[in-house]
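I have placed the structure first, in the form of structure tokens, so that the comments after it can refer back to it.
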Ligand code: ATP
Ligand code: MG
Ligand code: MG
Ligand code: MG
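Residue numbers (the working numbering): 351 to 928.
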């Protein structure tokens, strides 16, 4: 058992000036975290206890889902990234970790970077370590620190620059196996979030339309969330706004865009970005390509590439992997001749397909971005294509967003809308990374085949705050039992009273015996201060021992989530706790 006087819980009466939302205020006021700098936080002893609990539940459920834990470096040689499929996009949010110093200047290009995620590390590892179909399937995970230089770190742990993530990567011999692994992880996530005691909803997320890949985001419903979730109680359909929007793109274009826009997208023979990526040499010079562009409203710019499985990169804005760091939708929209919240098509002529091999998807996005943020901001990206000459932006029109009340795409009943916090994400990747790193294995027929991958992330530190956002009142946090830093608070109103102290220890021991973590508030403070602090830090069960009550042989038992308190004989309290 822990004594408050010997532990360290620096509670505050006032919220920090930069805290806009309840959970951020409470994190700081309850002494769970302290800020070092923007998006950088120390987990104080009480906060760390919560992190450890979430981490342990996560570990148990991912293990049960077939995960095998390992630990990868957070300092990455930059080659791992430059050889990967998304360096140009990802580098925008990556911290450099260079070997400057000792008289040596930082090089112009990074030598080392801090890991924002680990596909670029684990895929080459799997390539060397897994050689035969007998080694498959495998699912490796870690629970560790991630670094992202977010455009706008905010809301405390919600969008931090350094945060804790469970990240997992599955490798399978074939597509069917990868789907099975994905479903196992989806169940593991459902068990995990259920055990946390947080309300959540798994929603379909977009992956582009490349066959066989799919994705779900796990959302905690909350007004302060960054995401719109459209869902239907009737059919069980639930999707994030982008996914729901992409499902209705043709209809909306038909409504809003000039006649012919939809047909144009259905036209065979027009090159998609995916074709160009996959087989640049088969694309004749002079071909037309096309892609859809969505001007977000409120969020940074989002580009949807149809027929392309690079959506993780394509959804640049919402991922924070933004190429358009300085450009807001309001800035972009007039340049493209469109309003925020509108959807359009970008079409162009491909002059030299081979010059674009392998990088075109990034460039297509950059071209739009450069058209907005100023040509040659990123000089070499304009090497092959001149925006003004080669690209025509056509077919912008008002994009009727999916709204609350529209027909559910499954059953036709009205969709409902909620805001949500993304706490987890699962993604069936297919062979995108294994192709790039040539991660192959030998099958039973001695044929060399690409491993089929999935990747999965849980925001551990963000989940901690999402729980608070969902479970608090005017007085403070209300921790669900499973993640509470302590589950039972024994509040000693008169710590000098020897009898009260020994009752406290007896009750605490009984609760500990039963598996609860117990904190004894033995501080020399007025009862009012103790009760305020108790409510603030949100321990689920409080047992108050006062001299007066003891004379009657009772203690006061109160659940944090309930208003009523009960006077209970000491013996009864002991047997209840035990
Ligand atoms: P977001 O859309 O909020 O930027 P993301 O889609 O970029 O998140 P993923 O790459 O899917 O995030 O990472 C997996 C999980 O890591 C997310 O579901 C989220 O819970 C968590 N996460 C991502 N970025 C941050 C951050 N900056 N701070 C805290 N947690 C984060
Ligand atoms: Mg992001
Ligand atoms: Mg996201
Ligand atoms: Mg995500």
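Virtual Cβ for every residue (Gly too), placed ideally from N, Cα, C.
Predicted, not measured: the structure shown is a model, and the values here were computed from it.
Starting from residue i, trace the beta strand (DSSP E) both ways and give me its first and last residue.
i: residue 512; result: 512-522
i: residue 851; result: It is not in any beta strand (DSSP E) - residue 851 instead sits in the alpha helix (DSSP H) that spans 848-863.
i: residue 915; result: 915-919
i: residue 792; result: 790-792
i: residue 384; result: 383-387
i: residue 768; result: 766-780
i: residue 590; result: 588-590
i: residue 555; result: 551-555
i: residue 838; result: 838-842
Near residue i, what residues of its chain come up, given a Cβ to Cβ distance below 8 Å and the 5 sequence neighbours on each side ignored?
i: residue 820; result: 548, 549, 570, 571, 572
i: residue 379; result: 361, 362, 363, 364, 365, 826, 886
i: residue 414; result: 538, 541
i: residue 929; result: The chain is shown only over 351 to 928; residue 929 falls outside these bounds and no answer can be derived.
i: residue 785; result: 800
i: residue 900; result: 847, 849, 850, 853, 920
Which same chain residues end up closer than 6 Å to residue i when comparing Cβ atoms and leaving out the 5 residues on each side of it in sequence?
i: residue 818; result: 373, 376, 827
i: residue 764; result: 755
i: residue 816; result: 570, 771, 773
i: residue 534; result: 415, 416
i: residue 873; result: 354, 355
i: residue 358; result: 395
i: residue 915; result: 906, 908
i: residue 858; result: 351, 840, 868, 870
i: residue 381; result: 359, 360, 361, 394, 396
Measuring only from the beta carbon, is residue i closer than 6 Å to any heavy atom that is part of ligand 4?
i: residue 775; result: yes
If you follow the alpha helix (DSSP H) that residue i is part of, which residue opens it and which one closes it?
i: residue 814; result: 810-820
i: residue 505; result: Premise fails: residue 505 is in no alpha helix (DSSP H) and is neither H nor E.
i: residue 406; result: 395-414
i: residue 755; result: No alpha helix (DSSP H) contains residue 755, which DSSP labels as neither H nor E.
i: residue 580; result: No alpha helix (DSSP H) contains residue 580, which is instead part of the beta strand (DSSP E) from 577-581.
i: residue 373; result: 372-379
i: residue 540; result: 525-546
i: residue 428; result: 428-432
i: residue 439; result: 437-440
Just to check, is the beta-carbon of residue i closer than 6 Å to a non-hydrogen atom of ligand 1?
i: residue 415; result: no
i: residue 540; result: no
i: residue 504; result: no
i: residue 543; result: no
i: residue 510; result: yes
i: residue 388; result: no
i: residue 445; result: no
i: residue 809; result: yes
i: residue 394; result: no
To the nearest angstrom, report how far apart residue i and residue j are at their CA atoms.
i: residue 417; j: residue 808; result: 13 Å
i: residue 668; j: residue 577; result: Annotation note: pLDDT 31 at residue 668 (below 50); position unreliable, coordinate value reported separately. Taking the straight line joining both Cα atoms gives about 9 Å.
i: residue 772; j: residue 919; result: 45 Å
i: residue 490; j: residue 439; result: 25 Å
i: residue 465; j: residue 360; result: 32 Å
i: residue 855; j: residue 839; result: 11 Å
i: residue 884; j: residue 543; result: 25 Å
i: residue 469; j: residue 775; result: 14 Å
i: residue 383; j: residue 391; result: 6 Å
i: residue 587; j: residue 795; result: 41 Å
i: residue 647; j: residue 591; result: Reliability of the predicted coordinates at residue 647 is poor, the pLDDT of 39 falling under 50, and the value obtained from them is presented with this limitation in mind. If you take the alpha carbons of residue 647 and residue 591, they lie about 12 Å apart.
i: residue 870; j: residue 860; result: 13 Å
i: residue 399; j: residue 927; result: 21 Å
i: residue 525; j: residue 780; result: 7 Å
i: residue 527; j: residue 564; result: 14 Å
i: residue 769; j: residue 581; result: 11 Å
i: residue 568; j: residue 837; result: 26 Å
i: residue 442; j: residue 436; result: 10 Å
i: residue 866; j: residue 891; result: 10 Å
In its own chain, which residues sit with a C-beta less than 7 Å from the C-beta of residue i, not counting the 5 before and 5 after it?
i: residue 503; result: 388, 389, 509, 510, 511
i: residue 521; result: 476, 480, 486, 487, 488, 801, 803
i: residue 457; result: 448
i: residue 824; result: none
When every heavy atom of ligand 3 is checked, does at least one fall within less than 6 Å of the C-beta of residue i?
i: residue 772; result: yes
Checking contacts by CB at 7 Å: is residue i closer than that to chain C?
i: residue 884; result: Looking for chain C here will not work: only one protein chain is present.
Start-end ranges of the alpha helix (DSSP H) lying completely within the region 450-500, minimum 4 residues: 469-479
Going along the chain, which unbroken runs of the beta strand (DSSP E) with 3 or more residues stay wholly within the region 856-906? 868-871, 891-895
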